[in-house]
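All remarks here apply to the structure that follows.
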Amino acid sequence: MALFLSVAALLLAISAVVVSAEALRRINGQNEEFLKSYVKQIRVDLDNKDGQLASLKQEVQELRRARQSSQETLRKLEKGAKQKRENEPVDKYGDFIPSSAPPRTRSVA
């Protein structure tokens, strides 16, 4: 009887190990599938971010070109205004023309 019980205990231990190993394989498979889907999602997200970065870089380049064009236009306008000021005759007194008549006095009522 002792031999029978020890053989039964051995078979029970072996079956427990087999069941545990199968459960671990199943869990490992689920983890592997989860990790595969997780990595796939990360790749998709990275591709989306790469696309966003490329479009942002293009927008920045367009803004730099527009800024440079605006700066060049501003320089041309400033240069034209400066030349126009330099080419105008110098008028010391402006519209003021002194009168030879005696100064007027105001009468307060």
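Residue numbers (the working numbering): 63 to 171.
Glycine included, every Cβ here is placed at the ideal spot set by N, Cα and C.
Element boundaries [alpha helix (DSSP H), containing residue i]
{"i": "Ala163", "result": "It is not in any alpha helix (DSSP H) - Ala163 carries neither H nor E in the DSSP assignment."}
Where residue i falls: helix, strand or coil (DSSP)
{"i": "Glu150", "result": "coil"}
{"i": "Val170", "result": "coil"}
Every unbroken alpha helix (DSSP H) within the segment 77-102, with a cutoff of 4 residues, ordered by chain: none
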